[in-house]
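Written out below as structure tokens is the structure these notes cover.
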Amino acid sequence: MAGVLGGLLGGGTTTGSSSTGSSIINGILNNVIGSATFSQADLCAHTWKYSKPGCAFTSENLLAKAGGEIAANKIEEDLSKYYSKFGFSKSNTYFTFKTDGTFAAKIDGKSWNGTYTFDEKTHAIQLKGLLLSASGFATRTANGISLLFEQKKLLTLIKTLSKLNLTGSTTMSAVSSIVDNYDGVRVGFEMTK
22 MAGVLGGLLG GGTTTGSSST GSSIINGILN NVIGSATFSQ ADLCAHTWKY
72 SKPGCAFTSE NLLAKAGGEI AANKIEEDLS KYYSKFGFSK SNTYFTFKTD
122 GTFAAKIDGK SWNGTYTFDE KTHAIQLKGL LLSASGFATR TANGISLLFE
172 QKKLLTLIKT LSKLNLTGST TMSAVSSIVD NYDGVRVGFE MTK
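Going left to right, the sequence shown walks through residues 22 to 214 as our numbering numbers them.
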């Protein structure tokens, strides 16, 4: 698919060179859930630390309708303002997945442990803790992974695990409104090693 898109955008399929066409293609493919090969071994290879907000679409068709990479970048940029208010940082927000099906995480410094299942074909991930469960997607990015959820599930996760008192928060409403205009969008965290 990247080769076809590269030809259409004039980027070709040459290796070893960096072009605007191939950069656009990589961005587009990174922002469609399930578009890159990703295994449980990849998921378990590192402790994944928060880098920035993440965003992806559930299908290529929805990605095209929403304006693709531009829409994803705009959503991530808008979320970044609010994520900083929540206090997310590399030192207090991270996930470690183990091959035995358990995970340990901190979100804004608050611990969350439990079990998980990961479907390598669809990239669907189900996280189950004592008081909170969340289902979403784990996808590969150029620099690591994205853990992405439906907007309402992400907001529930943040409300439950955040140190802030977010009940009726205008910040939570603002986060919700950012993605309300897009169908098939999933938001969450971009994580690096």
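Built from N, CA and C at the ideal position, the CB exists for glycine as well.
Please read these numbers as outputs of a predicted model, since none were measured by experiment.
Residue i - DSSP class collapsed to helix/strand/coil
i: Asn164; result: coil
i: Phe116; result: strand
i: Phe78; result: strand
i: Ser60; result: coil
i: Asp201; result: coil
i: Glu98; result: helix
i: Ser105; result: helix
i: Glu90; result: helix
i: Ala195; result: helix
i: Lys142; result: coil
i: Ser44; result: In this prediction, Ser44 has a pLDDT of 49, which is less than 50 and means its spatial position is unreliable; nothing more can be read from the coordinates.
Residues bridged to residue i [DSSP beta-bridge criterion]
i: Tyr289; result: Any question about residue 289 goes unanswered here, given that the chain covers just 22 to 214.
i: Met212; result: Tyr71, Ile166
i: Lys127; result: Tyr115, Ser132
i: Ser156; result: Gln147
i: Val206; result: Phe78
CA nearest to the CA of residue i, picked from the options
i: Ile19; options: Leu168, Lys131, Leu152, Ala163; result: An answer regarding residue 19 cannot be provided, because it is not within the stretch 22 to 214 covered by the chain.
i: Phe170; options: Ala163, Ser156, Ile179, Leu182; result: Ser156
i: Phe78; options: Gly205, Met212, Glu211; result: Gly205
i: Phe210; options: Ile91, Ala92, Ser105; result: Ser105
i: Ala93; options: Lys214, Thr213, Lys119, Tyr203; result: Tyr203
i: Phe59; options: Glu141, Asn164, Lys214; result: Glu141
i: Tyr71; options: Ala163, Thr114, Gly150, Lys174; result: Thr114
i: Thr191; options: Thr68, Phe118, Ile96, Tyr103; result: Tyr103
i: Phe118; options: Gln172, Lys173, Lys174, Thr68; result: Thr68
i: Lys149; options: Gln61, Gly122, Glu97, Cys65; result: Gly122
i: Leu151; options: Lys95, Lys127, Asn134; result: Asn134
i: Ile128; options: Thr143, His144, Leu153, Thr120; result: Leu153
i: Lys95; options: Phe109, Phe107, Gly108, Cys76; result: Cys76
i: Ile220; options: His144, Lys174, Gln172; result: Within the shown structure, residues of the chain are numbered from 22 to 214, placing residue 220 beyond reach of any answer.
i: Asp201; options: Gln172, Met212, Lys214; result: Gln172
Contacting residues, own chain, Cβ-Cβ under 7 Å from residue i (five flanking each side not counted)
i: Thr188; result: Reliability fails at Thr188, whose pLDDT of 49 lies under 50, so the model's placement of it is uncertain and no value is given.
i: Leu100; result: Pro74, Val196, Ile199, Val208
i: Ala125; result: Thr117, Asn134
Close-in-space but distant-in-sequence residues of the same chain around residue i (CB under 6 Å, 5 per side omitted)
i: Thr138; result: Gln147
i: Lys111; result: Lys70, Tyr71
i: Thr120; result: Cys65
i: Thr136; result: Gly122, Thr123, Lys149
Sequence-distant residues of its chain with Cβ nearer than 8 Å to residue i (five each side left out)
i: Met193; result: Leu176, Ile179, Lys180, Leu187
i: Ala62; result: Thr120
i: Phe109; result: Tyr71, Ile128, Asp129, Phe210
i: Lys214; result: His67, Thr68, Trp69, Lys70, Gly165
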